[in-house]
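Colleague: This is the structure I have questions about; it appears just below.
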Amino acid sequence: MFRRSFNFSPDRERTTINDLPDELLLNIGAHFTNLNRNRDLRNLALTSKKWKPIAQEWLLIESRFNLTFIDGYMWEMGHRSHLLSRVKKLEIWSRSEGRTSKTRHVNRIGVYVYLTDVIYNPTPAPDHITQQAEFMEICKTVIQHYAANKRHAKDWINSITTDVVAALFGVLLCVLPNLRELNVSDAWLMDSPFFANTRSSSAIANPPHPWLWRHSFLSGALAATLPRLTVLEEHPTPTREIFPRTLETLRISEATHITANFLNDLCLAKKASCFPNLKRVEAYHIEYLENTRARADLARCLDPIDDVRAMFRDAEVAVYLYFPPWTMKTWESESGTPWRMKTEPDRLRRGEYTCYRKAMGPFGIHQEPMDRIEIEWDAEGDAVML
499 MFRRSFNFSP
509 DRERTTINDL
519 PDELLLNIGA
529 HFTNLNRNRD
539 LRNLALTSKK
549 WKPIAQEWLL
559 IESRFNLTFI
569 DGYMWEMGHR
579 SHLLSRVKKL
589 EIWSRSEGRT
599 SKTRHVNRIG
609 VYVYLTDVIY
619 NPTPAPDHIT
629 QQAEFMEICK
639 TVIQHYAANK
649 RHAKDWINSI
659 TTDVVAALFG
669 VLLCVLPNLR
679 ELNVSDAWLM
689 DSPFFANTRS
699 SSAIANPPHP
709 WLWRHSFLSG
719 ALAATLPRLT
729 VLEEHPTPTR
739 EIFPRTLETL
749 RISEATHITA
759 NFLNDLCLAK
769 KASCFPNLKR
779 VEAYHIEYLE
789 NTRARADLAR
799 CLDPIDDVRA
809 MFRDAEVAVY
819 LYFPPWTMKT
829 WESESGTPWR
839 MKTEPDRLRR
849 GEYTCYRKAM
859 GPFGIHQEPM
869 DRIEIEWDAE
879 GDAVML
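Position in the sequence shown counted from 1, then plus 498, gives you this note's numbering.
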């Protein structure tokens with residue numbers, strides 16, 4: 499009827515989570531995997547001195563950071579070089595961050611043509627990088643080892659001071675020997691163009707735009723990285739994830755100079771038996787042929803006619819291409835999509851004229867429209883009379 503009471507010594511300290519060994523604390527840190535992982539780990543680092551190095555280590559070895567601040571990441575890793583071999587996953591996101599500007603072309607008679615070109619503005623290295631002689635020397639050593647040739651090495655080294663974001667990105671890829679997963683799908687398109695070289699020989703022959711961002715010297719970083727990667731996430735979304743397997747006919751309105759790249763991915767998926775029923779593709783472009791080709795050449799994209807014919811012939815799919823006589827926007831044609839207008843006599847021509855008249859404006863200088871271009875090839879690549 500009497501229970502023995504247990505009296506704990508007041509001098510005995512209670513055990514807390516902070517008393518666990520660092521190995522177990524690191525395992526706990528590995529469970530931060532949600533989308534707010536960076537914020538949660540930063541908050542964890544503020545809880546105590548015990549957790550600060552644990553949180554910092556996970557922020558570095560499975561990092562997700564803005565590419566614009568790559569120098570900060572490399573600075574931290576430079577002070578913890580023992581962590582380089584532990585980095586197996588890297589996720590990079592970015593925005594243009596003011597690194598581009600747009601220009602407006604003027605034709606010979608003084609009429610503004612709203613054809614904008616993206617101009618790449620390289621980011622020079624900040625003083626805290628260029629003034630660190632040891633860091634600069636390490637980067638030069640890495641570059642000289644991985645560069646494909648002396649010319650690439652020279653351009654790469656010069657870019658550390660003139661185009662620091664691209665140069666340090668290449669160096670970072672080279673110094674992570676165990677990198678297995680690279681996710682750049684949330685990056686600004688121009689921040690990861692050289693990965694497109696893994697897709698086709700055409701992409702290798704035609705580097706991404708613009709000219710200043712071709713960065714051929716980074717081919718050494720690419721050659722060193724690709725053999726190790728098991729996961730590479732990048733945009734755009736593959737066509738096999740967009741369309742159903744039962745797709746038979748695909749019609750595209752508002753096609754642009756980059757549509758040929760998309761069609762190339764579609765043809766590759768067809769050849770891989772992802773779309774066994776695909777028989778015909780129709781692409782109605784928003785710009786006339788000369789303008790579309792000029793943009794494709796400037797952007798280093800596939801040719802909207804020659805390359806398109808070759809890819810569809812190889813995939814054994816019929817293709818129809820339409821280029822309007824002037825910029826033709828579906829929402830300005832007052833008649834809907836081009837293929838809908840083609841079903842009624844003269845409806846397409848009236849839609850073309852409507853868009854042309856709106857482009858000239860009430861006080862615009864009259865310009866002669868271009869010729870309408872319609873091209874069709876059958877599944878064997880032979881021309882079809884229209």
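Backbone N, C-alpha and C define an ideal beta-carbon position, used for all residues, glycine too.
Note that the structure is predicted; figures quoted are calculated from it, not measured.
Pick out the complete beta strand (DSSP E) segments inside the segment 784–856, 3 residues or longer, and give them in chain order.
Modeller: Segments of the beta strand (DSSP E) lying fully in the segment 784–856: 816–821.
Colleague: Could you name each continuous beta strand (DSSP E) segment of 3 residues or more that falls completely within the segment 712–774, going from the start of the chain to the end?
Modeller: Counting whole runs of 3 or more residues, the segment 712–774 contains the beta strand (DSSP E) stretches 729–731 and 747–753.
Colleague: Tell me the DSSP secondary structure of residue 881 in three-state form.
Modeller: For the purposes of this step, residue 881 is taken as the residue at position 383 of the sequence shown. Strand, per DSSP.
Colleague: Quick check: the Cα distance between residue 553 and residue 531, rounded to an integer number of angstroms?
Modeller: The residue you call residue 553 lines up with position 55 of the sequence shown. The residue you call residue 531 lines up with position 33 of the sequence shown. One C-alpha to the other measures close to 13 Å.
Colleague: Expressed to the nearest angstrom, what Euclidean distance is found between the alpha-carbon atoms of residue 551 and residue 543?
Modeller: By 1-based counting over the sequence shown, the position of residue 551 is 53. By 1-based counting over the sequence shown, the position of residue 543 is 45. Their backbone Cα atoms lie some 7 Å apart in a straight line.
Colleague: So, at 6 Å on beta carbons, what are the nonlocal neighbours of residue 846 in its own chain, with the 5 sequence-adjacent residues on each side left out?
Modeller: Counting from one through the sequence shown, the residue named residue 846 turns up at place 348. Closer than 6 Å at Cβ, skipping near neighbours: 839 and 840.
Colleague: The alpha helix (DSSP H) spanning residue 579 covers which residue range?
Modeller: In the sequence shown, counting from the first residue as 1, residue 579 sits at position 81. No alpha helix (DSSP H) contains residue 579, which DSSP labels as neither H nor E.
Colleague: Give the DSSP bridge partners of residue 552, in chain order.
Modeller: To locate residue 552, count along the sequence shown from 1; it is residue 54. The partner list for residue 552 (beta bridge, DSSP) is empty, contrary to what the question assumes.
Colleague: Three or more C-beta pairs under 8 Å: does that hold for the segment 576–591 against the segment 620–629?
Modeller: As far as the Cβ criterion goes, the segment 576–591 does not touch the segment 620–629, which means the pair count is below three.
Colleague: Could you check if residue 869 is buried or exposed, using at least 16 other CB atoms within 10 Å of its CB as the buried criterion?
Modeller: As a first step, residue 869 must be located in the sequence shown, where it is residue number 371. Exposed, by the Cβ-count rule.
Colleague: Report the rounded CA-to-CA distance for residue 856 versus residue 785, giving the unit in angstroms.
Modeller: Here the question's residue 856 lines up with position 358 in the sequence shown. Here the question's residue 785 lines up with position 287 in the sequence shown. Residue 856 and residue 785: Cα-Cα distance of roughly 15 Å.
Colleague: Considering residue 563, what are the terminal residues of the beta strand (DSSP E) in which it resides?
Modeller: One-based indexing of the sequence shown puts residue 563 at position 65. Where residue 563 is concerned, the enclosing beta strand (DSSP E) stretches over 560–564.
Colleague: From the DSSP output, in three-state form, read off residue 635 for me.
Modeller: Within the sequence shown, the letter at position 137 stands for residue 635. If DSSP states are grouped into helix, strand and coil, residue 635 belongs with the helices.
Colleague: Going along the chain, which residues of its own chain have a beta-carbon closer than 8 Å to the beta-carbon of residue 742, five neighbours each way excluded?
Modeller: As a working mapping, residue 742 is identified with position 244 in the sequence shown. Contacts found: none.
Colleague: Report the rounded CA-to-CA distance for residue 757 versus residue 802, giving the unit in angstroms.
Modeller: Along the sequence shown, read from residue 1 onward, the residue named residue 757 stands at position 259. Along the sequence shown, read from residue 1 onward, the residue named residue 802 stands at position 304. C-alpha separation (whole angstroms): 8 Å.
Colleague: Could you tell me if residue 559 is buried or exposed, where buried requires 16 or more neighbouring beta carbons within 10 angstroms of its beta carbon?
Modeller: Indexing the sequence shown from 1 puts residue 559 at position 61. Residue 559 is buried by the Cβ-count criterion.
Colleague: Residue 761 to residue 545, Cα distance in whole Å?
Modeller: The count along the sequence shown starts at 1 and reaches residue 761 at position 263. The count along the sequence shown starts at 1 and reaches residue 545 at position 47. Distance between the alpha carbons of residue 761 and residue 545: 52 Å.
Colleague: Which residue wins for smallest C-alpha separation from residue 680, given the options 815, 794, 565 and 755?
Modeller: Numbered from its first residue, the sequence shown carries residue 680 at position 182. Here the closest residue by C-alpha is 565.
Colleague: For residue 588, name the three-state secondary structure that DSSP assigns.
Modeller: One-based indexing of the sequence shown puts residue 588 at position 90. Here residue 588 sits in strand by DSSP.
Colleague: Assign residue 780 to one of two classes, buried (16 or more other C-beta atoms within 10 Å of its C-beta) or exposed (fewer than that).
Modeller: Counted from its first residue, the sequence shown places residue 780 at position 282. Result: buried.
Colleague: Put residue 512 into one of helix, strand or coil per three-state DSSP.
Modeller: By one-based count along the sequence shown, residue 512 stands at place 14. Correct three-state label for residue 512: coil.
Colleague: Which value, in whole angstroms, describes the spacing of the CA atoms of residue 539 and residue 795?
Modeller: Translated into positions along the sequence shown, residue 539 becomes position 41. Translated into positions along the sequence shown, residue 795 becomes position 297. The straight-line gap from Cα to Cα measures roughly 45 Å.
Colleague: Closer than 7 Å by C-beta to residue 585: which residues in its own chain qualify, once you throw out the five before and the five after it? Chain order, please.
Modeller: The sequence position of residue 585 within the sequence shown is 87, counting from 1. These residues qualify, in order along the chain: 559, 674, 676 and 677.
Colleague: So, with DSSP's three-state summary, where would you put residue 698?
Modeller: Numbered from 1 along the sequence shown, position 200 holds the residue referred to as residue 698. Note that residue 698 scores 41 on pLDDT, short of 50, meaning its location in the model is unreliable; the coordinates nonetheless yield the value given after this. In this structure, residue 698 counts as coil in the three-state DSSP scheme.
Colleague: Taking the Cβ atom as the reference point for each residue, do residue 777 and residue 747 lie within a distance shorter than 8 Å?
Modeller: The residue given as residue 777 occupies position 279 in the sequence shown. The residue given as residue 747 occupies position 249 in the sequence shown. Taking 8 Å as the Cβ cut-off, residue 777 and residue 747 qualify as a contacting pair.
Colleague: Within a Cβ cutoff of 6 Å, which residues of the same chain sit near residue 783, ignoring the five residues on either side of it in sequence?
Modeller: Within the sequence shown, numbered from 1, the residue matching residue 783 stands at position 285. For residue 783, where only same-chain residues beyond five positions count, the Cβ hits under 6 Å are 753, 790 and 821.
Colleague: List the DSSP bridge partners of residue 779.
Modeller: To locate residue 779, count along the sequence shown from 1; it is residue 281. Per DSSP, 748 and 817.
Colleague: Please classify residue 580: is it buried, with 16 or more other beta-carbons within 10 angstroms of its beta-carbon, or exposed?
Modeller: Here residue 580 refers to the residue found at position 82 of the sequence shown. Burial call: exposed.
Colleague: Could you tell me which residues DSSP puts in a beta bridge with residue 874?
Modeller: Position 376 of the sequence shown holds residue 874. Per DSSP, 818.
Colleague: For residue 842 and residue 836, I'd like the C-alpha separation in whole angstroms.
Modeller: Counted from its first residue, the sequence shown places residue 842 at position 344. Counted from its first residue, the sequence shown places residue 836 at position 338. One C-alpha to the other measures close to 11 Å.
Colleague: Provide the residue span of the alpha helix (DSSP H) that contains residue 662, from first to last.
Modeller: Locating residue 662 in the sequence shown gives position 164, where the first residue counts as 1. 662–672 is the extent of the alpha helix (DSSP H) around residue 662.
Colleague: Determine the direct distance from the alpha carbon of residue 571 to that of residue 606, and round the result to whole angstroms.
Modeller: Locating residue 606 in the sequence shown gives position 108, where the first residue counts as 1. Locating residue 571 in the sequence shown gives position 73, where the first residue counts as 1. With a pLDDT of only 48 at residue 606, under 50, the local geometry of the prediction cannot be trusted, and the value read off the model is given with reservation. Those two C-alpha atoms are separated by around 49 Å.
Colleague: State the Cα-Cα distance for the pair residue 714 and residue 827, rounded to the nearest angstrom.
Modeller: Walking along the sequence shown from the start, residue 714 turns up at place 216. Walking along the sequence shown from the start, residue 827 turns up at place 329. One C-alpha to the other measures close to 36 Å.
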